[in-house]
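Here's the structure we're looking at; comments come further down.
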Amino acid sequence: MELDHYIQSGIIESYVLGLATNVEVEELQYMRRLYPELNSEIAAVEKRMERQAFAEAVLPPERLKDRIFQRINWREEDYHDTTDYRRSNQNQQANYNNTYINIQPKDNQYITVHKWWKVFFIAVFILSKVCLASAIYFYLKYQMQDKKLEQVAPRAEVPANSR
Amino acid sequence: MGQAAVHIDEHLLIERLIADDPGARELLYDYYGPALFSLILQVVPDNKKAEDILTTVFVRIYSEVYTYKQSGNATLFGWMMRLTREIALSEGCHTDGEIVGGVTIQGQHSLQRFTNTLPQEKQKIFYLCYFKGLPKEAIARMMGVEAEMIAGQMKEIMVAFRNFLRN
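Protein sequence lines, in the order shown, are assigned to chains D and Y.
Note that the numbering used here has the first sequence beginning at 27, numbered continuously upward.
Note that the numbering used here has the second sequence beginning at 67, numbered continuously upward.
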């Protein structure tokens, strides 16, 4: 039978492996329309290869799963952005090729400032401590001076009727 | 890893994947990821590169799953397998043109084992065709023979592969 001969030629295996030429693929599609039973033969070959691949499966590292899902999420966010802003196709392609690391927290509870603010705040803090210490020091010094002065020359009593 | 015991309703899974269902995506990765990873490792033996390729493969699968029905494949795995090899060939850098003598296929995967069962010349043709993705005309030029001769040899190889798969 012609169909049997066709199947035995290994054309389906060649097609499933991705090795068939364009002419062979077209021929196969034509034969599929002519003999729909070819579809079950294609499925059988694919199932055989699936069984082989499952028997030899290699577990990918756990971190890969997160990486894939992160990528697909960013891609979708990016896709929504591009449709929202109606960016050009070229732009979309460029965005797809980039890897984004999203460090922006989701809620608006945080602000981002320049790193020099850290130095500034430390300087202000130290300066305020210096001011506090000197204020205490000068206050105590003033008190001591005051006492000394009182011992040397007691403050004159201001008469009530000095006018 | 042994054969997966869980049966997956392919039709339902595809419908859910088209609807961007995250659960379906995870199921697809957990179920088919290891099998596809082993296919990539056959073409690109470098683990690091193979991981990058698997990432691209799944991102492409999720975003192009709606094209599966028009692809001409009869099963979801068949479609994913072809896409995987296509991406592995285009992303895994190759050193084409360096294979002058015989080829040595390492590894114990079925396709590698199959290649080793072939006679020397056919081994080389199948290696260049499947593992390097070269068209028959390019292989003919490399080996200094007519393209028809390569096409004829490939037909014989595919008959041998059919018998190999059935056993």
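The C-beta atom is built at its ideal place from N, Cα and C for all residues, glycine as well.
Keep in mind that this is a model prediction, so the values were computed, not measured.
Give a yes or no on whether 9 Å exceeds the smallest Cβ distance from Y:D75 to chain D. Counting from 1 along the second sequence, the entry for residue 75 of chain Y is found at position 9. Taking Cβ atoms only, chain D never reaches closer than 9 Å to Y:D75, which makes this a no.
Please state if the CB of Y:R91 and the CB of D:F146 are separated by a distance shorter than 9 Å. Here residue 146 of chain D refers to the residue found at position 120 when the first sequence is read from its first residue. Here residue 91 of chain Y refers to the residue found at position 25 when the second sequence is read from its first residue. Going by beta carbons, D:F146 and Y:R91 fall outside the 9 Å limit.
Is Y:F143 near Y:Y98, with beta carbons less than 9 Å apart? Counting from one through the second sequence, the residue named residue 143 of chain Y turns up at place 77. Counting from one through the second sequence, the residue named residue 98 of chain Y turns up at place 32. Contact annotation: Y:F143 and Y:Y98 have beta-carbon atoms nearer than 9 Å.
Alpha helix (DSSP H) runs contained entirely in the region 59–104 of chain D, provided each spans 4 or more residues: Fully enclosed alpha helix (DSSP H) runs of 4 or longer: 63–81.
Taking only the alpha-carbon atoms, compute the straight-line gap between D:S160 and D:L153 and give it to the nearest angstrom. Taking the first sequence and counting its residues from 1, one reaches residue 160 of chain D at position 134. Taking the first sequence and counting its residues from 1, one reaches residue 153 of chain D at position 127. Straight-line measurement puts the Cα of D:L153 at about 11 Å from the Cα of D:S160.
Mapping the DSSP letters down to three states, classify Y:R137 as helix, strand or coil. Taking the first residue of the second sequence as 1, we reach residue 137 of chain Y at position 71. Note that residue 137 of chain Y corresponds to Ser in the displayed sequence, not to Arg. DSSP, reduced to helix, strand and coil, places Y:S137 outside both helices and strands of the structure shown, so it counts as coil.
Residues of chain D with a CB under 8 Å from the CB of Y:V125: which are they? On the second sequence, residue 125 of chain Y is found 59 positions in, with the first residue counted as 1. What Y:V125 touches in chain D: I94, R97, I98 and R101.
Does the beta-carbon of Y:N139 have 16 or more other beta-carbons within 10 angstroms, so that it is buried, or is it exposed? The residue you call residue 139 of chain Y lines up with position 73 of the second sequence. Classification for Y:N139: buried.
Which residues, in chain order, does the region 76–88 of chain D contribute to contact with chain Y at a C-beta distance below 9 Å? In summary, the residues of the region 76–88 of chain D whose CB is separated from some CB of chain Y by less than 9 Å are E76, R77, Q78, A79, F80, A81, E82, A83, V84, L85, P86 and P87, in the order they occur in the chain.
Of the listed residues Y:N229, Y:G89, Y:P88 and Y:L155, nearest to Y:Y193 (C-alpha basis): In the second sequence, the residue the question calls residue 193 of chain Y occupies position 127. Looking at the Cα atoms, Y:L155 is the closest of the given residues.
Report yes or no: do the region 67–75 of chain D and the region 34–51 of chain D share at least 3 C-beta pairs separated by less than 8 Å? Verdict: yes, contact present.
Against chain Y, does D:R59 count as a neighbour if the rule is that its beta carbon must be under 9 Å from one of theirs? Working through the first sequence from its first residue, we reach residue 59 of chain D at position 33. So no, D:R59 is outside the interface.
CB of D:A81 within 9 Å of CB of Y:S137, strictly: The residue given as residue 81 of chain D occupies position 55 in the first sequence. The residue given as residue 137 of chain Y occupies position 71 in the second sequence. At the C-beta level, D:A81 and Y:S137 stay beyond 9 Å of one another.
How would you list, in chain order, the residues of chain Y whose beta-carbon sits under 9 Å from the beta-carbon of D:E63? Numbered from 1 along the first sequence, position 37 holds the residue referred to as residue 63 of chain D. Annotation: D:E63 has no Cβ neighbours in chain Y at a cutoff of 9 Å; minimum Cβ distance is about 12 Å.
Y:K190 burial status per 10 Å Cβ neighbour count (16 or more: buried): Indexing the second sequence from 1 puts residue 190 of chain Y at position 124. Residue burial is scored here from C-beta neighbours: Y:K190 has at least 16 other C-beta atoms within 10 angstroms and is therefore classed as buried.
Should D:E72 be flagged as near chain Y, meaning a C-beta pair shorter than 9 Å? Here residue 72 of chain D corresponds to residue number 46 of the first sequence, with the count starting at 1. It does; some Cβ of chain Y falls within 9 Å.
Going along the chain, which residues of its own chain have a beta-carbon closer than 7 Å to the beta-carbon of D:K91, five neighbours each way excluded? Taking the first sequence and counting its residues from 1, the one referred to as residue 91 of chain D is at position 65. Sequence-distant partners of D:K91 (beyond 5 residues in either direction) whose C-beta falls short of 7 Å from its own C-beta are missing from its chain.
Which of helix, strand or coil DSSP assigns to Y:L107: On the second sequence, residue 107 of chain Y is found 41 positions in, with the first residue counted as 1. Helix.
Between Y:M220 and Y:C195, is the Cβ-Cβ spacing less than 9 Å? Here the question's residue 220 of chain Y lines up with position 154 in the second sequence. Here the question's residue 195 of chain Y lines up with position 129 in the second sequence. Yes, they are a contact pair.
Starting from D:L166, trace the alpha helix (DSSP H) both ways and give me its first and last residue. Here residue 166 of chain D is taken as the residue at index 140 of the first sequence, counted from 1. Looking at the DSSP string, the run of the alpha helix (DSSP H) that includes D:L166 is W142 to V178.
Residues near Y:T161 by beta carbon distance below 6 Å, same chain, minus five either side: Counted from its first residue, the second sequence places residue 161 of chain Y at position 95. A caution first: Y:T161 carries a pLDDT of 49, below 50, which makes its placement in the model too unreliable to give a value.
Give the range of the alpha helix (DSSP H) segment to which Y:V125 is assigned. As a first step, residue 125 of chain Y is located in the second sequence; it is residue number 59 there, counting from the start. Segment N113 to E130, the alpha helix (DSSP H) holding Y:V125.
What is the DSSP secondary structure of D:I33, reduced to helix, strand or coil? The count along the first sequence starts at 1 and reaches residue 33 of chain D at position 7. The three-state reading of DSSP puts D:I33 in helix, counting H, G and I together.
State the start and end residues of the unbroken alpha helix (DSSP H) segment that holds Y:E81. Position 15 of the second sequence holds residue 81 of chain Y. Counting along the chain, the alpha helix (DSSP H) containing Y:E81 begins and ends at E76 to I84.
Given Y:F227 as reference, the closest of D:Q55, D:E63, D:L158 and D:R74 once Cα atoms are compared: Translated into the one-based positions of the second sequence, residue 227 of chain Y becomes position 161. Closest option to Y:F227, Cα to Cα, is D:R74.
Kindly say whether D:E91, judged by its beta-carbon, lies nearer than 9 Å to any beta-carbon of chain Y. Translated into positions along the first sequence, residue 91 of chain D becomes position 65. According to the sequence as given, residue 91 of chain D is Lys; it is not Glu. Contact with chain Y is found for D:K91, since one of that chain's Cβ atoms lies less than 9 Å from the residue's Cβ.
By how many angstroms is the C-alpha of Y:K135 removed from the C-alpha of D:Y56? Here residue 56 of chain D refers to the residue found at position 30 when the first sequence is read from its first residue. Here residue 135 of chain Y refers to the residue found at position 69 when the second sequence is read from its first residue. Y:K135 has its alpha-carbon roughly 17 Å from the corresponding atom of D:Y56.
Burial state of Y:F124 (16 or more Cβ within 10 Å): What you label residue 124 of chain Y is simply residue 58 of the second sequence in a count that begins at 1. Y:F124 should be labelled buried.
Collapsed DSSP secondary structure at Y:V211 in the structure displayed: Counting from 1 along the second sequence, the entry for residue 211 of chain Y is found at position 145. Three-state DSSP puts Y:V211 in coil, outside helix and strand.
Give the interface partners of D:E28 over in chain Y, defined as CB-CB distance under 7 Å, in chain order. Taking the first sequence and counting its residues from 1, one reaches residue 28 of chain D at position 2. Listed along the chain, the chain Y residues whose CB falls inside 7 Å of the CB of D:E28 amount to none; the nearest CB is some 17 Å away.
N-terminal and C-terminal residue of the alpha helix (DSSP H) that Y:I191 is part of: Position 125 of the second sequence, counted from the start, is the residue given in the question as residue 191 of chain Y. Unbroken alpha helix (DSSP H) run through Y:I191: Q186 to F192.
Residues, ordered as in the chain, of the region 215–227 of chain Y that lie near chain D by beta-carbon distance below 9 Å: Listed by position along the chain: A217, M220, K221, E222, I223, M224, V225, A226 and F227.
By how many angstroms is the C-alpha of Y:A116 removed from the C-alpha of D:T138? Mapped onto the first sequence, residue 138 of chain D falls at position 112. Mapped onto the second sequence, residue 116 of chain Y falls at position 50. Taking the straight line joining both Cα atoms gives about 38 Å.
In this structure, how does DSSP classify Y:K221 when only helix, strand and coil are distinguished? Here the question's residue 221 of chain Y lines up with position 155 in the second sequence. Helix.
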